[in-house]
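Student: From first to last, the protein sequence lines are chains H and F. Just so it is clear: in the first sequence, position 180 is 180 by the working numbering, and no numbers are missing. With the second sequence counted from 1, adding 1000 to any position gets you the working numbering.
Protein chains: 2
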Amino acid sequence: MTINIAVTGAAGQIGYALLFRLASGALAANQPVSLRLLEVTPALPALDGVEMELRDCAFPLLREIIKTDDAETAFADADVVFLVGARPRGPGMERKDLLEANAAIFSAQGKALNAAAKKTVKIIAVGNPANTNCLIARANAPDLPDSAFSAMTRLDHNRAIAALADKTNNPLSAIRQVMIWGNHSATQYPDLHHASVAGAAALSLVDEAWYQNTYIPEVQQRGAAIIKARGASSAASAASAALDHMRDWHNGETAADDVLSMAIVSSGQYDISPGLVYSYPVRTSGGAATVVENLPINDFSRARMQASEQELIEERDAVRHLLP
Amino acid sequence: MTINIAVTGAAGQIGYALLFRLASGALAANQPVSLRLLEVTPALPALDGVEMELRDCAFPLLREIIKTDDAETAFADADVVFLVGARPRGPGMERKDLLEANAAIFSAQGKALNAAAKKTVKIIAVGNPANTNCLIARANAPDLPDSAFSAMTRLDHNRAIAALADKTNNPLSAIRQVMIWGNHSATQYPDLHHASVAGAAALSLVDEAWYQNTYIPEVQQRGAAIIKARGASSAASAASAALDHMRDWHNGETAADDVLSMAIVSSGQYDISPGLVYSYPVRTSGGAATVVENLPINDFSRARMQASEQELIEERDAVRHLLP
């Protein structure tokens, strides 16, 4: 059965890196794909070029490409939605301006998702501020369940795994139970207290000062380091993480000794304010993502989890007047 | 066993689109990957950013990344080589200047391949003028066999399939035996005389005037149309075609009722001048690509095959003084 995949901001850099992998069948092997590409009206000519290139690939699984500047058209009967497009911070723009500009975009998209998508839709917000953008879309889609919504912290999760493997000189496959808590921002908390490397507790293998003063800030600030090196923000790695997130959610079974990181609508797990879109350790199975509960949380972790929660509360409060 | 994959021009747009698919295992499912990335010295800082993003993806199969501005280092023990980097045409640059600038690059890379790559290496030239760049590399690598070298016409091949499927309103899977002859340039000849659509002869389904006056020039000029629409040349579709080419050559078995298009070192098949790198219909099996011989060629096709051959002779003659 064909999977209907909607991608917003489809002519942007992350979109360009994502679409060809989706069309090649990377989300669900051997499943035919219909791509629904949403862009703002001025970007439609560039989107024509992207569509031409997609067709030129002669991907056997790519059955349909719909291009539109209308969100309901893009989201009609969508199984899977990548909310990639967002307003970037312009010169002189305050954080509050940025939140409000994106609130307008994600309110409209939430309403369109509510009206047009399948009730079983899976949505990932990639465009920043991703968690709060997701919260806004969720608030505007009363007929969809909380479980339809997520925001991406998989990029942070992947970065955290890669950095730990590198430090301990182990293959990626040796790493288990790394997790990201909170906001996809510099307040995110990469937690190694439950992580293992080749069966040994991660924090028994690395120095505590390195963990606190090097590892945590480097994972938090990795996006800025990429911009400095590339002269452009992460595109292919963000697209790859979005694909990992959705593939594992849609079709994956997380091993019992491992976790993934996904920002989801909190129902109060770990005493986080319900309704916030907060990154938790999760396991996926049968198309559902479930928070891994009852992990012991020490004071060090609790303080960082709460700091990121506090930032999310402030983001929500900054746009509260725009919520339904 | 790990596959050693070298990519030149690795920090460029095609490289950026190619590397993440290679690292995800798209060339050979479940085979560990070592990436060897070659760039000119001024591009090494940008390549640092690409490497950071590759590591941030936590690709399970990606075991090693080597970055270098030294071709022998990049090609050491290479199994597979993507020659993507090339000198683009600058303002006021004549065709002859372009050929000579690239001759310098591909002479050096040919020597490095000869010195360092595995004798079983598979090489694809993607950077333009791809066929003649490949010829130059080949001439500088006396210890490697002709069969190690190829240039990419798979992008043209894929475009030709997609355009025929679109015109006849059939799925891509219904198309067989489309083939590209000659140079990866505007003289290429997309040949439908042997092609079928859902079992029917392609030329019985489309108007001859459309084939000659619309289809052929549109396939030949597709690259320019992409540039016009995107404001940038084909990157993701070129990368995808390079991947298709190498995956099918490395591991594929072409069906007996179909062909692929690859530019290879001619040994005189179809009366083409031996030694030219010329696109033929091929089938791949067991890691080898074999020209499909004895197809009947009518006068219309012969004239176009010769026109593209003539262009390749002129390109070769323009750089002959630089060949060993």
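By construction, the Cβ of each residue, glycine as well, lies at the ideal position given by its N, Cα and C atoms.
Below 8 Å on the Cβ atoms is my guess for threonine 1284 (chain F) versus glutamate 1253 (chain F); work out the distance and round it to an integer in Å.
Tutor: Looking up residue 1284 (chain F) in the second sequence gives position 284. Looking up residue 1253 (chain F) in the second sequence gives position 253. Going by Cβ atoms, the distance from threonine 1284 (chain F) to glutamate 1253 (chain F) rounds to 7 Å, so yes, they are a contact pair.
Student: So, at 7 Å on beta carbons, what are the nonlocal neighbours of isoleucine 1161 (chain F) in its own chain, with the 5 sequence-adjacent residues on each side left out?
Tutor: In the second sequence, residue 1161 (chain F) corresponds to position 161, counting from 1. Excluding positions up to five away in sequence, the list reads Leu1172, Ile1175 and Val1178.
Student: Does the structure place the stretch 243-257 of chain H close enough to the stretch 34-45 of chain H that three or more beta carbon pairs sit under 8 Å?
Tutor: no
Student: Would you mind giving the Cβ-Cβ distance between leucine 1083 (chain F) and isoleucine 1065 (chain F), rounded to the nearest angstrom? I have them listed as a contact below 8 Å.
Tutor: In the second sequence, residue 1083 (chain F) corresponds to position 83, counting from 1. In the second sequence, residue 1065 (chain F) corresponds to position 65, counting from 1. Wrong, their Cβ atoms sit about 19 Å apart, outside the cutoff.
Student: When you compare the stretch 1220-1236 of chain F with the stretch 1138-1154 of chain F, are there three or more beta-carbon pairs, one atom per stretch, that lie closer than 8 Å?
Tutor: Fewer than three beta-carbon pairs drawn from the stretch 1220-1236 of chain F and the stretch 1138-1154 of chain F are found closer than 8 Å, and the two stretches are therefore not classed as touching.
Student: List the residues of chain F that glycine 49 (chain H) touches, going by C-beta distances under 7 Å, in chain order.
Tutor: For the purposes of this step, residue 49 (chain H) is identified with residue 49 of the first sequence, where counting begins at 1. Within 7 Å Cβ-Cβ: Ile1226, Ala1229 and Arg1230.
Student: Assign aspartate 1248 (chain F) to buried or exposed, taking buried as 16 or more other Cβ atoms, counted over all protein chains shown, within 10 Å of its Cβ.
Tutor: Here residue 1248 (chain F) corresponds to residue number 248 of the second sequence, with the count starting at 1. By the 10 Å Cβ count, aspartate 1248 (chain F) comes out buried.
Student: Taking the alpha carbon of aspartate 70 (chain H) as the reference point, which residue from H:Gln31, H:Gln13, H:Gly110 and H:Val80 has its own alpha carbon closest?
Tutor: Here residue 70 (chain H) corresponds to residue number 70 of the first sequence, with the count starting at 1. When each option's Cα is compared against that of aspartate 70 (chain H), the closest is H:Gly110.
Student: Helix, strand or coil: which one does DSSP assign to arginine 87 (chain H)?
Tutor: The residue labelled residue 87 (chain H) in the question sits at position 87 within the first sequence. Residue state, collapsed to three classes: coil.
Student: Is serine 1301 (chain F) close to chain H, meaning its C-beta is less than 9 Å from at least one C-beta of that chain?
Tutor: Against the second sequence, residue 1301 (chain F) aligns to sequence position 301. No, because no Cβ of chain H sits closer than 9 Å to the Cβ of serine 1301 (chain F).
Student: So which residues of chain H does phenylalanine 1020 (chain F) contact, with C-beta pairs closer than 9 Å?
Tutor: For the purposes of this step, residue 1020 (chain F) is taken as the residue at position 20 of the second sequence. Per Cβ cutoff of 9 Å: Ala17, Arg21, Ala236, Ser237, Ala239 and Ser240.
Student: Check the Cβ-Cβ distances between aspartate 1191 (chain F) and every residue of chain H, and say whether any is below 9 Å.
Tutor: For the purposes of this step, residue 1191 (chain F) is identified with residue 191 of the second sequence, where counting begins at 1. No, aspartate 1191 (chain F) lies away from the interface with chain H (no Cβ there is under 9 Å from its Cβ).
Student: Figure out for me which residue from H:Ser233, H:Ala117, H:Ala238 and H:Leu192 has the closest Cα to the Cα of isoleucine 216 (chain H).
Tutor: Position 216 of the first sequence, counted from the first residue, corresponds to residue 216 (chain H). Ranking H:Ser233, H:Ala117, H:Ala238 and H:Leu192 by Cα distance to isoleucine 216 (chain H) puts H:Leu192 first.
Student: Tell me where the alpha helix (DSSP H) around asparagine 1158 (chain F) begins and ends.
Tutor: Taking the first residue of the second sequence as position 1, residue 1158 (chain F) is located at position 158. Its alpha helix (DSSP H) spans residues 1154-1168.
Student: Does the distance from the CB of tryptophan 210 (chain H) to the CB of serine 279 (chain H) come in under 9 Å?
Tutor: Start at 1 with the first residue of the first sequence, and residue 210 (chain H) comes out as number 210. Start at 1 with the first residue of the first sequence, and residue 279 (chain H) comes out as number 279. Cβ distance not < 9 Å, so tryptophan 210 (chain H) and serine 279 (chain H) don't count as in contact.
Student: My assumption, with CB atoms under 8 Å, is that leucine 27 (chain H) sits in contact with leucine 243 (chain H). Please give the rounded CB distance.
Tutor: Here the question's residue 27 (chain H) lines up with position 27 in the first sequence. Here the question's residue 243 (chain H) lines up with position 243 in the first sequence. Confirmed, Cβ separation roughly 6 Å.
Student: Between the C-alpha atoms of valine 1007 (chain F) and leucine 276 (chain H), what's the straight-line distance to the nearest angstrom?
Tutor: Indexing the second sequence from 1 puts residue 1007 (chain F) at position 7. Indexing the first sequence from 1 puts residue 276 (chain H) at position 276. For valine 1007 (chain F) and leucine 276 (chain H), the distance between alpha carbons rounds to 44 Å.
Student: My guess is that leucine 312 (chain H) and threonine 120 (chain H) are in contact by the Cβ rule of under 8 Å, so how many angstroms apart are they, rounded?
Tutor: Indexing the first sequence from 1 puts residue 312 (chain H) at position 312. Indexing the first sequence from 1 puts residue 120 (chain H) at position 120. With 8 Å as the limit, leucine 312 (chain H) and threonine 120 (chain H) do not qualify as a contact, their Cβ atoms being about 27 Å apart.
Student: Below 8 Å on the Cβ atoms is my contact criterion, and I expect threonine 188 (chain H) with glutamine 220 (chain H) to pass it. Report the Cβ-Cβ distance as a whole number of Å.
Tutor: As a position in the first sequence, residue 188 (chain H) is number 188, starting the count at 1. As a position in the first sequence, residue 220 (chain H) is number 220, starting the count at 1. Contrary to the premise, residue 188 (chain H) reads as glutamine rather than threonine in this sequence. Their Cβ separation, rounded to whole angstroms, is 6 Å, which keeps glutamine 188 (chain H) and glutamine 220 (chain H) in contact under 8 Å.
Student: Apart from the five residues on each side of it in sequence, which residues of its chain come closer than 8 Å, Cβ to Cβ, to leucine 22 (chain H)?
Tutor: Mapped onto the first sequence, residue 22 (chain H) falls at position 22. Correct list, in chain order: Ile5, Val7, Val33, Leu35 and Leu243.
Student: With distances taken between CB atoms, is the gap from leucine 1047 (chain F) to lysine 1067 (chain F) smaller than 9 Å?
Tutor: Here residue 1047 (chain F) is taken as the residue at index 47 of the second sequence, counted from 1. Here residue 1067 (chain F) is taken as the residue at index 67 of the second sequence, counted from 1. Yes, Cβ-Cβ distance for leucine 1047 (chain F) and lysine 1067 (chain F) is below 9 Å.
Student: For alanine 1238 (chain F), which residues of its own chain have a beta-carbon under 8 Å away from its beta-carbon, when the five flanking residues on both sides are left out?
Tutor: Locating residue 1238 (chain F) in the second sequence gives position 238, where the first residue counts as 1. Same-chain partners within the cutoff: Ile1014, Ala1017, Val1126, Met1152 and Leu1155.
Student: For alanine 104 (chain H), which of H:Ser234, H:Asp258, H:Ala86 and H:Gly199 has the nearest alpha-carbon?
Tutor: In the first sequence, residue 104 (chain H) corresponds to position 104, counting from 1. Out of H:Ser234, H:Asp258, H:Ala86 and H:Gly199, H:Ala86 has the C-alpha closest to the C-alpha of alanine 104 (chain H).
Student: Looking only at its own chain, which residues have a Cβ that is under 6 Å from the Cβ of phenylalanine 75 (chain H), when we skip the five neighbours before and after it?
Tutor: Residue 75 (chain H) sits at position 75 when you count from the first residue of the first sequence. Counting only Cβ-Cβ distances below 6 Å, and skipping sequence neighbours, we find Ala6, Ala112, Leu113, Ala116 and Ala117.
Student: Residues of chain F with CB under 7 Å from alanine 58 (chain H), in chain order?
Tutor: Reading the first sequence from its first residue, position 58 is the one you call residue 58 (chain H). Here the neighbours are Asn1158, Ile1161, Ala1162 and Leu1172.
Student: At least one CB of chain H closer than 9 Å to the CB of glutamate 1072 (chain F): is that the case?
Tutor: As a working mapping, residue 1072 (chain F) is identified with position 72 in the second sequence. Residue contact with chain H for glutamate 1072 (chain F): absent (no Cβ-Cβ distance below 9 Å to any residue of chain H).
Student: To which residues of the same chain is arginine 1222 (chain F) closer than 7 Å at the C-beta, ignoring the five residues directly before and after it?
Tutor: Taking the second sequence and counting its residues from 1, the one referred to as residue 1222 (chain F) is at position 222. Arg1159.
Student: Taking Cβ-Cβ distances below 8 Å as the criterion, which residues of the stretch 261-287 of chain H are in contact with chain F?
Tutor: From the stretch 261-287 of chain H, no residue has a Cβ closer than 8 Å to chain F.
Student: Using the beta-carbon of each residue, which ones in chain H are nearer than 9 Å to serine 1024 (chain F)?
Tutor: By one-based count along the second sequence, residue 1024 (chain F) stands at place 24. Around serine 1024 (chain F), the beta-carbon contacts reaching into chain H at under 9 Å are Arg21, Ala26, Ser240 and Leu243.
Student: Glutamate 1053 (chain F) touches chain H at which residues, Cβ-Cβ below 7 Å?
Tutor: Translated into positions along the second sequence, residue 1053 (chain F) becomes position 53. Result: Ile226, Ser234, Ala236 and Ser237.
Student: Check the Cβ of arginine 222 (chain H) against every Cβ in chain F and list those closer than 9 Å, keeping chain order.
Tutor: Counting from one through the first sequence, the residue named residue 222 (chain H) turns up at place 222. Neighbours of arginine 222 (chain H) on chain F, chain order: Met1052 and Asp1056.
Student: Go ahead and label alanine 1318 (chain F) buried or exposed: buried means 16 or more other beta carbons lie within 10 angstroms of its beta carbon, across all protein chains shown.
Tutor: Counting from one through the second sequence, the residue named residue 1318 (chain F) turns up at place 318. The residue is buried, with at least 16 neighbouring Cβ atoms inside 10 Å.
Student: Locate the alpha helix (DSSP H) running through aspartate 45 (chain H), then write down its first and last residues.
Tutor: Within the first sequence, residue 45 (chain H) is the residue found at index 45, counting from 1. A small correction: the amino acid at residue 45 (chain H) is proline; aspartate does not occupy that position in the sequence shown. From DSSP, the alpha helix (DSSP H) with proline 45 (chain H) extends over 44-56.
Student: Leaving out the 5 sequence neighbours to the left and right, which residues in its chain are closer than 6 Å to cysteine 134 (chain H) when beta-carbon positions are compared?
Tutor: In the first sequence, counting from the first residue as 1, residue 134 (chain H) sits at position 134. Cβ neighbours of cysteine 134 (chain H) beyond the five flanking positions: Ala125, Phe149, Ala151 and Val277.
Student: Under 9 Å between the Cβ atoms of serine 1107 (chain F) and alanine 1139 (chain F)?
Tutor: As a first step, residue 1107 (chain F) is located in the second sequence; it is residue number 107 there, counting from the start. As a first step, residue 1139 (chain F) is located in the second sequence; it is residue number 139 there, counting from the start. Between serine 1107 (chain F) and alanine 1139 (chain F), the C-beta spacing is below 9 Å.
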